[in-house]
Amino acid sequence: MSIRKSLMFAWLIVAVSALMAVYACQGGDEPTATSIPTQAPTSTNTALPEPTDTPAPVPTATDTPVPIPTNTPKPVPTDTPEPEPTDTPEPEPTDTPEPEPTNTPVPPPTPEPPTPTPVVDPTPTATPVPPPAEAGMTVDEYIETCASTIGPFASTGVPPGITNGQLSEIIGNFHMLFSELNPPPEIADWHNVQLDVWTSMRDALDQQPADQPFNPEILIEVMFANFEALMSIQISQELMDRIVAAGCTGNLVDVEQPTEEDTLPVEEPEPIAKTPADVLTEVEVYATGCAGLGQQAAAPPEGVTYGETAEGVNLIIDLFIALMPPDILVDWHNAQLGFFEGVKEIAEAEPANEPLDQTKMFALIPAFQALEAARIELPGDVHAILVEAACIAQ
């Protein structure tokens with residue numbers, strides 16, 4: 010065995026002995042790595058002597074005392090006693106003495122008086138009957154009242170130079186007098202329509218400057234707006250003639266009596282020459298009022314009676330009279346009015362309930378020829394305006 014192996018074997022024996030000694034000291038506990046200090050073998054580079062034939066002395070193992078580890082007592086943990094919770098006494102609730110109720114005397118309830126027992130009268134009382142509504146006037150009373158109240162204001166037309174304010178005042182008088190009448194059933198429809206026409210005229214004039222001269226176009230538009238209502242009136246021709254004769258239609262007139270100053274001759278200003286544009290404007294205003302009148306008179310519907318024809322043409326005549334034609338249309342206007350008058354005469358000469366015979370209208374040939382002659386004299390642009398407005402029957 011070489012020396013190196015001998016040394017290693019010796020070190021191994023020493024280490025095992027040390028471990029056994031430690032194990033014996035700890036009472037059989039297994040040795041721990043921290044209890045035995047181990048010394049690692051150190052290798053030296055010293056050159057080993059050459060082996061000789063002389064046997065080397067065998068080293069004797071010496072028992073190197075191994076230090077016995079001391080068992081350091083582990084610190085015993087001290088159990089710090091936890092402080093015991095102190096029972097803080099809760100404050101005892103104080104009993105607040107309740108106030109003693111005061112016995113306030115309650116007044117006794119006032120007894121209700123006994124309900125009297127109704128005494129039934131054995132005699133029944135009659136239920137009061139409302140007074141009957143005021144009966145309307147008779148036809149004669151209505152016409153007589155018209156003649157005495159509205160009739161004095163009747164005339165042939167509007168006086169020249171009248172202002173919007175003056176005419177509004179006159180129409181206001183008509184409206185006031187008319188609203189006080191209580192018409193009979195035979196005249197009620199005509200009365201109500203006529204009252205609406207007065208109201209519309211007054212309102213239209215009130216919207217104009219009061220000091221400005223009256224413009225006929227205003228009333229023409231009002232009459233045209235109420236044309237359908239006037240055409241729908243159911244009234245006999247005889248009764249309508251009596252109403253017109255009594256002045257109930259109230260032709261517009263200045264209510265003041267003429268004074269001495271009015272009778273004096275007035276110097277009329279020289280007429281201002283009208284331009285062609287002014288003439289056409291007047292024709293257009295006129296055409297607005299007569300729109301559709303010529304067509305209605307020239308083409309009566311089939312099956313119409315003489316009475317219905319007379320009634321319709323009378324309304325057309327009333328509207329046509331209200332128109333104020335410009336100078337260029339005066340001849341044609343009068344010829345047209347004459348034609349309508351001829352239709353009226355034929356219709357009123359026949360029984361009202363018989364159907365209209367168109368051949369009877371041949372009697373109107375002279376009136377139609379006069380109308381055609383006046384129409385031919387019209388300038389082309391004027392004629393076109395009347396045709397477009399249906400003032401001329403085609």
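Numbering (this note's numbering), first residue to last: 10 to 403.
For each residue, glycine too, the CB sits at the ideal point set by N, CA and C.
All figures in this text were calculated on a predicted structure; none of them were measured in a lab.
Where residue i sits in the DSSP three-state scheme
i           : result
residue 364 : strand
residue 284 : coil
residue 192 : coil
residue 147 : coil
residue 385 : helix
residue 375 : helix
residue 177 : helix
residue 332 : coil
residue 203 : helix
residue 257 : coil
residue 164 : Residue placement at residue 164 cannot be trusted, given a pLDDT of 49 that sits under 50; the coordinates are not used to answer.
residue 400 : coil
residue 345 : helix
residue 300 : coil
residue 48  : Caution applies to residue 48, whose pLDDT of 47 falls short of 50 and renders its modelled position unreliable; the model cannot decide the point.
residue 21  : helix
residue 263 : Unreliable positioning characterises residue 263 in this predicted model, as indicated by a pLDDT of 36, which lies under 50. A coordinate reading is not provided.
Residue i - partner residues in DSSP beta bridges
i           : result
residue 222 : 172
residue 290 : None; residue 290 has no bridge partner.
residue 314 : 364
Sub-8 Å separation of residue i and residue j beta-carbons
i           : j           : result
residue 227 : residue 292 : no
residue 176 : residue 236 : no
residue 355 : residue 372 : yes
residue 192 : residue 184 : no
residue 288 : residue 334 : no
residue 249 : residue 343 : no
residue 382 : residue 347 : no
residue 229 : residue 298 : yes
residue 240 : residue 312 : no
residue 170 : residue 211 : no
residue 300 : residue 349 : no
residue 187 : residue 214 : no
residue 353 : residue 326 : yes
residue 148 : residue 195 : yes
residue 332 : residue 295 : yes
residue 345 : residue 380 : yes
Boundaries (first-last residue) of the alpha helix (DSSP H) holding residue i
i           : result
residue 359 : From DSSP, residue 359 is part of no alpha helix (DSSP H); its letter is neither H nor E.
residue 248 : 246-254
residue 240 : 236-240
Legend entry - Touching by the beta-carbon criterion (3+ pairs, under 8 Å), the segment 313-320 and the segment 359-366: The segment 313-320, when compared against the segment 359-366, does touch it at the 8 Å Cβ threshold.
Inset, instruction - Spell out a yes or no on whether the segment 245-258 and the segment 146-156 are touching, meaning 3 or more CB-CB pairs, one atom from each, closer than 8 Å. - result: Using a Cβ-Cβ distance cut-off of 8 Å, the segment 245-258 and the segment 146-156 are in contact, since at least three pairs of beta carbons, one from each stretch, lie closer than that value.
Inset, instruction - Count the C-beta pairs between the segment 211-220 and the segment 242-251 that are closer than 8 Å, then say yes if the count reaches three, no if not. - result: Not touching, per the Cβ criterion.
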